[in-house]
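Visitor: If you're matching positions, the sequence shown starts at 6 in this note's numbering and goes up one per residue.
Here a beta-carbon is modelled for each residue, glycine too, at the ideal position from N, C-alpha and C.
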Amino acid sequence: MTDTLTPDDAPRAVLGDTPLPDELLTEQLARAILEAGPLAMTVSDPRLPGDPVVWVNRAFTSLTGYTAEEVRGRNCRFLQCADTDRDVVDRIRTALDRGDDVQELLLNVRKDGSPFWNQLAITQLRDETGQVTHRVGVQVDVTAEADGEAARTLELSLMHRTADRLELLARMGEELSRHLEYGDAVDALADLVVPRLATWGFVAMMSETGHLERVHVVTSDPAHADAAHALGSGGTTWLTASPHVAATLAAGANHVPMPITVDVSSLPTRTAPPELHLLTTLGLGSALLVPLTGRDRVLGVLCLVHRDRDGFDSEIVVTAAHLGRRAGVLLENVRLYLAERDAALTLQHSLLPVLGDVGGLDVAASYLPSGRRAEVGGDWFDAFVLPDGAVSLAVGDVVGHDLRAAASMGQLRSLLRASVWRGDRPGEALERLDGLVRALDVADVATCVLVRWERTAAGAHLTWASAGHPPALVRLPGGEVRGLDGARSTPVGLPPVHTGNVPEESVEVPHGAVLVLYSDGLVERRDRGLREGIAGLADALAAVPDDASATQVCDALTAALVDEHQEDDVCLLVVRVD
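Pasting the structure below:
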């Protein structure tokens, strides 16, 4: 049988034989809870002239510096200052007069004169007749939180009434993440943000040495586009002379941007006439300067200018502050990515050979790094003349995209060169390489195709072997493409599965034929399998003209098969039989 609890039985059922008291929350207990609570609270009496404060708790004193004795009998307007947004104050007064509860963000000052952003919520209490008897105010200092990771949740919650602000934050993150060139990302930030928030404005970035290196000026008025372009391309003298720009660039991570009235009268003393004319044309009323803050320093400044003296409300200020923090981190990511990518590419290219005169052959090679990250890859190519006059051609790929793969690639290329130089045939050289790799733990797994090229009166004699690598392709005069599919063994570093003689095959190719060796990054990606990719490569190779040079063939193949956002490195080696 299952017992059923009724509301009357609940207290006794929970506490056994000890019933709960009828009056759970006494006035004394409620007062103690409110007095010791963590939120700053005030109670005012609108029935008295001036709606004076009649009670505050200890948290309010901690937040503002004012004691209960200093506050009691005064209206809360004493927390306002000259920079408090009057529109916000008017909205609060209108809502209270209508009898509505209200929540607003406004700038207040403490007893010591320090400003803070106050998230104010006022609830109106009524008696049984519906008359408002008291107003309960809750104050939350959001200034410190705006500088931390909690800023996103806090500021977005403050801007929930303005859908376009949220959309701007999202679009800014997406737009800057799309650009992998630093200058493009800086321009994109200004192009997106300035027209949405101001009459005109600019983004100015500092170099590693602390000098302004890039300025992009944008206007929301198409009629003034020429003036904005002229100001942005005319140097940075007008910026370096601005004390407000200098102060913003020197600000720390805790800087709270505030709108300022542009002192037009002082501009002639520090601005050349051409720039002064352009600034006046664009409009000078008020400005909002926001530091673009990275992880440990200020990278630049976002300056928003409005033609009106009171052009920026509190929502724009909060939005701009959040944009500055997020944009600074994103721009720093772009700069770090480019620095890391440059270092990776320098290392990668230092490990690859420079093609000079390879036995008089028409040879071209291309190495294209992955577009998704600045990591060193394990793809390589090689082409050099052997002591007997033949030419050794190879393309290989070490599994991985890290420094270990790059180091392994350099070792494997050197070991393979030494083996071929001593006279090993392609199959023997790959077998020797495999044994050294597994014995010395040089690399995990690698693939490679190795071709020995020997001139003949009719063209060339090719001998090749492949260790798990995609087949080389030969284009014959007229456009027919054939794959060198035989002579295959397991990848280097894996236990061999063949027995007896090492796989190796040969073929004769005529004058005008083109040999193509490549890594799998050229033909394989997420939306295209390996077989499909090889078929696409064969079609692109068949389409090149008969008289195309090796360089022209290389360019045509990369243009046809390499995607802008390729996910793997691409290595391509092309040889033409002249």
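In this structure, how does DSSP classify R427 when only helix, strand and coil are distinguished?
Guide: coil
Visitor: Quick check: what's the CA-CA separation for V456 versus Y342?
Guide: 37 Å
Visitor: Please report the Cβ distance between L4 and V450, rounded to the nearest whole angstrom; I am assuming they are in contact, meaning their Cβ atoms lie under 8 Å.
Guide: With the chain covering only 6 through 583, there is no way to say anything about residue 4.
Visitor: On the DSSP bridge assignment, give the partners of W205 in chain order.
Guide: DSSP, once it has assigned bridges, lists T224 and V310 as partnering W205.
Visitor: May I ask you to list the residues that DSSP assigns as paired with G464?
Guide: P515
Visitor: Below 8 Å on the Cβ atoms is my guess for G526 versus V575; work out the distance and round it to an integer in Å.
Guide: 4 Å
Visitor: Looking only at DSSP bridge pairs, what is Q108 linked to?
Guide: A126
Visitor: Check whether chain C comes within 8 Å of A232, counting only Cβ atoms and requiring the distance to be less than that.
Guide: Given the protein chain composition of this structure (a single chain), no chain C is represented.
Visitor: Distance check for D583 and E436, CA to CA, integer angstroms please.
Guide: 31 Å
Visitor: Once you ignore the five residues that flank V199 on each side, which residues in its own chain have a CB closer than 6 Å to its CB?
Guide: Correct list, in chain order: G206 and V223.
Visitor: Quick one: Cα of R275 to Cα of D318, how far?
Guide: 29 Å
Visitor: Taking just the CA atoms, how far does G299 sit from S247?
Guide: Distance between the alpha carbons of S247 and G299: 22 Å.
Visitor: So V400 packs on V454, CB below 8 Å; how close in whole Å?
Guide: Indeed, because the Cβ distance is near 6 Å, the residues count as touching under 8 Å.
Visitor: Tell me where the alpha helix (DSSP H) around T286 begins and ends.
Guide: P278 to L287
Visitor: Quick one: Cα of V580 to Cα of S413, how far?
Guide: 26 Å
Visitor: Taking the C-alpha atoms as reference points, what is the distance between T99 and W122?
Guide: Roughly 21 Å between the two C-alpha positions.
Visitor: Beta carbon of P262, beta carbon of L283: below 8 Å?
Guide: no
Visitor: Just how far apart, CA to CA, sit D490 and S524?
Guide: 15 Å
Visitor: State yes or no: is the C-beta of A387 within less than 8 Å of the C-beta of R340?
Guide: This sequence places Asp at residue 387; Ala is not what is there. No, the pair does not count as a contact, with Cβ atoms beyond the cut-off.
Visitor: With DSSP run on the structure shown, which of helix, strand or coil describes R378?
Guide: For R378, the pLDDT reaches just 48, beneath the cut-off of 50, and the residue's location in the model is therefore unreliable, although a value from the coordinates is still provided. Looking at R378 - three-state DSSP - the assignment turns out to be coil, as it is neither helix nor strand.
Visitor: Which value, in whole angstroms, describes the spacing of the CA atoms of V107 and S291?
Guide: Going by the C-alpha atoms only, they are around 29 Å apart.
Visitor: With distances taken Cα to Cα, identify the nearest neighbour of S371 among H249, D560 and L236.
Guide: D560
Visitor: Tell me, which residues are paired with D88 by DSSP?
Guide: For D88, no pairing in a beta bridge is given by DSSP.
Visitor: Starting from D573, trace the alpha helix (DSSP H) both ways and give me its first and last residue.
Guide: D573 -> no alpha helix (DSSP H), and no H or E assigned at all.
Visitor: Leaving out the 5 sequence neighbours to the left and right, which residues in its chain are closer than 6 Å to T128 when beta-carbon positions are compared?
Guide: Result list for T128: D106 and V141, in chain order.
Visitor: Comparing C-alpha positions only, which one of K116, T134, P54 and H466 sits nearest to E510?
Guide: H466
Visitor: Looking at the structure shown, is M263 part of a helix, part of a strand, or coil, going by DSSP?
Guide: coil
Visitor: If we ignore side chains and look at the alpha-carbon of each, how far apart do A256 and G135 end up?
Guide: 51 Å
Visitor: R157 to V322, Cα distance in whole Å?
Guide: Confidence at R157 is low in this model, with a pLDDT of 49, below 50, so its placement is unreliable and no value can be given for it.
Visitor: With T89 and L112 assumed to form a contact (beta carbons below 8 Å), what rounded beta-carbon distance in angstroms separates them?
Guide: Contact between T89 and L112 holds: CB atoms are separated by about 5 Å, below the 8 Å threshold.
Visitor: Since S371 is in the beta strand (DSSP E), which residue starts that stretch and which ends it?
Guide: Note, S371: beta strand (DSSP E), D367 to L373.
Visitor: Give a yes or no on whether the C-beta atoms belonging to T47 and C86 are separated by under 8 Å.
Guide: no
Visitor: Just to confirm the assignment, what range does the beta strand (DSSP E) spanning P550 have?
Guide: Neither: P550 is in no beta strand (DSSP E) and is coded neither H nor E.
Visitor: How long is the line joining the alpha carbons of A277 and A235, rounded to whole angstroms?
Guide: 14 Å
Visitor: On the three-state DSSP scale, how would you describe Q33?
Guide: helix
Visitor: Around the Cβ of S212, are there at least 16 other Cβ atoms within 10 angstroms (buried) or fewer (exposed)?
Guide: By the neighbour-count rule (16 or more Cβ atoms within 10 Å), S212 is not buried but exposed.
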